[in-house]
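Residue numbers (the working numbering): 300 to 521. Below is one structure, written out as structure tokens; the observations come after it.
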Ligand code: ADP
Ligand code: AMP
């Protein structure tokens, strides 16, 4: 069986991380989320973290050259048997760099999974998002923890991401529309875009994604 090389595409708050948690369980794929990687760099105060922080706090994208190097290193270290990318690529130069890197390794992308939702839904989602240290994601209304404010798994406190503040969210959505939406056409024209309605409940979105991947595997004998 050949590898699954998957991209999760979509605006902030659409449910990419939520679906990734489920898909990792289904397919046992290394999960490479550039946002999580950057937050770890910021936390440990690395040189990359210090450079990235101001862009992240403003809701802007971190410059391509920093992100591309970080992500390609991770793919080489962990992605030999396939991968699930979340939050990368976010610009056309990032997508081009990924294409080249994949082709150089005689591999190809299996699918770009677009999870989409209108801005007003995204704003509600992001304003109620609470995150555990492990990266597990909750929502105060739609997916609350058993006990208010703490992780079901290990009881550690849940946090509100710095960039989930309303004034930053507005710019993150604008940035998505300006810089990342062109990737929808990019992957559509390559015939690998798959669209999912992110306004549906998480279990339904998950069922649709799994069904699509199962079909792709049958069609291509992946
Ligand atoms: P992304 O990774 O795309 O930024 P998340 O997976 O972190 O998005 O989800 C954003 C917020 O919306 C979280 O609080 C999550 O619990 C909630 N959420 C995710 N998917 C759904 C859904 N299908 N319906 C309702 N709420 C959702
Ligand atoms: P996310 O966790 O995917 O919502 O990402 C949080 C923030 O990290 C973004 O708002 C950007 O500032 C930065 N970031 C994550 N991935 C990328 C990327 N591929 N390119 C540029 N910046 C990124």
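All residues carry an ideal CB built from backbone N, CA and C; glycine is no exception.
Coarse secondary structure for residue i, derived from DSSP in three states
| i | result |
| --- | --- |
| residue 341 | helix |
| residue 334 | helix |
| residue 386 | coil |
| residue 457 | coil |
| residue 432 | coil |
| residue 411 | strand |
| residue 448 | coil |
| residue 442 | strand |
| residue 300 | For residue 300, the pLDDT reaches just 49, beneath the cut-off of 50, and the residue's location in the model is therefore unreliable, although a value from the coordinates is still provided. If DSSP states are grouped into helix, strand and coil, residue 300 belongs with coil. |
| residue 307 | strand |
| residue 380 | coil |
Residues near residue i by beta carbon distance below 7 Å, same chain, minus five either side
| i | result |
| --- | --- |
| residue 497 | 309, 313, 314, 414, 415, 416, 504 |
Through-space distance from residue j to residue i, alpha-carbon basis
| i | j | result |
| --- | --- | --- |
| residue 402 | residue 378 | 14 Å |
| residue 320 | residue 435 | 8 Å |
| residue 381 | residue 480 | 25 Å |
| residue 457 | residue 423 | 18 Å |
| residue 513 | residue 303 | 11 Å |
| residue 344 | residue 338 | 10 Å |
| residue 336 | residue 519 | 32 Å |
| residue 439 | residue 405 | 44 Å |
| residue 346 | residue 365 | 11 Å |
| residue 385 | residue 462 | 17 Å |
| residue 412 | residue 453 | 31 Å |
| residue 355 | residue 361 | 7 Å |
Own chain residues within Cβ distance below 8 Å of residue i, not counting five before or after
| i | result |
| --- | --- |
| residue 470 | 357, 358, 359 |
| residue 459 | 428, 429, 430 |
Pick from the options that is closest to residue i, judged by C-alpha positions
| i | options | result |
| --- | --- | --- |
| residue 465 | 458, 303, 427 | 427 |
| residue 468 | 515, 418, 372, 493 | 418 |
| residue 501 | 342, 324, 442, 363 | 442 |
| residue 450 | 353, 440, 432, 459 | 432 |
| residue 367 | 393, 474, 339 | 393 |
| residue 495 | 511, 345, 400 | 511 |
| residue 333 | 327, 374, 472 | 374 |
Cβ neighbours of residue i in the same chain (closer than 6 Å, five flanking residues each side left out)
| i | result |
| --- | --- |
| residue 388 | 394, 397 |
Under a criterion of Cβ closer than 5 Å to any non-hydrogen atom of the ligand ADP, which residues qualify, in chain order? 311, 312, 313, 314, 315, 316, 317, 424, 428, 436, 438, 441, 442, 501
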